[in-house]
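Numbering of the sequence shown is given in the working numbering, commencing with residue 461 and proceeding in unit increments.
In this text, a Cβ means the ideal position worked out from N, Cα and C, and glycines have one as well.
One structure is given below, encoded as structure tokens.
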Amino acid sequence: MLLLVSLPKLPTGWSLRVLTGWYWLYCLLVVTAYRASLTAILARPTLKVKIDTVQELVDSKLTYGGWGEINREFFKMSSDPTIKLIAENFVTVNDSGMAVDSVAEASFAFYENTYFLKEALVKRQQRFQSLFINSNSKNSTNETKFQNNVVQDDRTLHIMEDCIIKMPVSIGLQKNSPLKPRMDEYIRRVLEAGFIKKWLDDVMQKVLNAEIQIEDTGSTKALMNMKKFSGALVALLSGYFISTIILIAEISYFYFRVKKNPNFNKYSKQIVIKKSK
Numbered sequence: 461m462l463l464l465v466s467l468p469k470l471p472t473g474w475s476l477r478v479l480t481g482w483y484w485l486y487c488l489l490v491v492t493a494y495r496a497s498l499t500a501i502l503a504r505p506t507l508k509v510k511i512d513t514v515q516e517l518v519d520s521k522l523t524y525g526g527w528g529e530i531n532r533e534f535f536k537m538s539s540d541p542t543i544k545l546i547a548e549n550f551v552t553v554n555d556s557g558m559a560v561d562s563v564a565e566a567s568f569a570f571y572e573n574t575y576f577l578k579e580a581l582v583k584r585q586q587r588f589q590s591l592f593i594n595s596n597s598k599n600s601t602n603e604t605k606f607q608n609n610v611v612q613d614d615r616t617l618h619i620m621e622d623c624i625i626k627m628p629v630s631i632g633l634q635k636n637s638p639l640k641p642r643m644d645e646y647i648r649r650v651l652e653a654g655f656i657k658k659w660l661d662d663v664m665q666k667v668l669n670a671e672i673q674i675e676d677t678g679s680t681k682a683l684m685n686m687k688k689f690s691g692a693l694v695a696l697l698s699g700y701f702i703s704t705i706i707l708i709a710e711i712s713y714f715y716f717r718v719k720k721n722p723n724f725n726k727y728s729k730q731i732v733i734k735k736s737k
């Protein structure tokens, strides 16, 4: 508006010209920053809250659970106070499918082996797909894409990076067995050669191939939904409301103060002070 509507009277003094020019630049910067920030807020994807440490898990106030009573006893006997806090809310789980569903509802933390959790994630995705496949055996290409989108829109299951128990590869032998030193040497050689990692990758390859890849937060496409759109409307309506109040205040000041001044000139609509000779 400042660039489209000309001033009623150009400033004469250099100080007033500089002030007017800087005021224009300030208004342009404010409008540009407002539009850029509003666009960034609307285009920003929803942040995903992830738990990667034991302390974050305790602070989350979730219920924890896992297979068997031996896991609860491990947490109770631990010398770490943070681990002992987990034992207070630890429950025994007998059905992994129900446990994974509770994790997807963001009300439960399932304690298990990392590779078992990856397999449980894939089984949950396959279960979602089977619900649509069984409902209609003849699916078109668009319906197949819709099924994949439903699985991707479901709450992503996250595996905590911090490992509570690091279980190395071991072979059970009798106590004081003479084979233990030699077996330790062979296991260390196999570990250093990378065979254990290779064997684990081969075992999990089928599971990882069946997994539907879900994009991470950094590459998630920004989508416009009704919540973000209503937020923009609230911001715009708030700006219109404030500007309307300021406009009414300016008009009231003009009519009740400026216009009633005896030195007011109705042609130039300004207060003209006559100089005495």
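Let's test the definition: count the other Cβ atoms within 10 Å of the Cβ of Asp676 and tell me whether it reaches 16, buried, or not, exposed.
Low confidence applies here, because Asp676 scores a pLDDT of 45, under 50, leaving its location unreliable; read the following figure in that light. The residue is exposed, with fewer than 16 neighbouring Cβ atoms inside 10 Å.
Assuming the contact rule is C-beta atoms closer than 8 angstroms, Ile543 and Phe535 should be a hit. Round their C-beta distance to whole Å, please.
5 angstroms
For Tyr727, name the three-state secondary structure that DSSP assigns.
coil
Buried or exposed: which applies to Tyr713, given that a residue is buried once 16 or more other Cβ atoms fall within 10 Å of its Cβ?
exposed
Which residue wins for smallest C-alpha separation from Ala547, given the options Ala564, Leu522 and Gln634?
Leu522
Could you please give me the residues that DSSP links to Gly525 through a beta bridge?
Val551 and Phe570
If you run the structure through DSSP and keep just helix, strand and coil, what is Gln607?
Residue placement at Gln607 is poorly supported in this model, since its pLDDT is 49, which falls under 50; the coordinates are not used for a value here.
Reference Glu515, options Gly526, Glu529, Val582 and Cys623, closest by Cα:
It is Gln, not Glu, that sits at residue 515 in the sequence shown. Selected option, being the one with the closest Cα: Cys623.
Where do the N-terminal and C-terminal ends of the alpha helix (DSSP H) with Gly654 fall, by residue?
Going by DSSP, Gly654 is part of no alpha helix (DSSP H) at all; its letter is neither H nor E.
Should Ala500 go down as buried or exposed, given a rule of 16 or more other Cβ atoms within 10 Å for buried?
exposed
Between the C-alpha atoms of Val667 and Gln586, what's the straight-line distance to the nearest angstrom?
11 angstroms
Check whether the Cβ atoms of Glu621 and Asp512 sit closer than 8 angstroms, and answer yes or no.
Inclusion of Glu621 and Asp512 in the CB contact set at 8 angstroms is warranted, their separation being smaller than that value.
Under the three-state DSSP convention, the category Lys536 falls into:
helix
Count the other C-beta atoms from every protein chain shown that fall within 10 angstroms of the C-beta of Ala503, then say buried if there are 16 or more, exposed otherwise.
exposed
Taking only the alpha-carbon atoms, compute the straight-line gap between Gln634 and Lys510 and give it to the nearest angstrom.
Spanning the alpha carbons of Gln634 and Lys510 requires a straight line of approximately 43 angstroms.
In terms of alpha-carbon separation, which member of Met558, Leu617 and Lys469 lies closest to Val582?
Among Met558, Leu617 and Lys469, the Cα nearest to that of Val582 is on Leu617.
Distance, Phe570 Cα to Ser556 Cα:
Taking the straight line joining both Cα atoms gives about 9 angstroms.
Backbone CA spacing between Asp519 and Ile656 [nearest angstrom]:
35 angstroms
So, at 8 angstroms on beta carbons, what are the nonlocal neighbours of Ile631 in its own chain, with the 5 sequence-adjacent residues on each side left out?
Met643 and Ile647
With respect to the alpha helix (DSSP H) encompassing Gln515, which residues constitute its N-terminal and C-terminal limits?
Val514 to Asp519
Just how far apart, CA to CA, sit Trp482 and Ser698?
26 angstroms
For Glu529 and Val563, the rounded distance between their alpha carbons
20 angstroms
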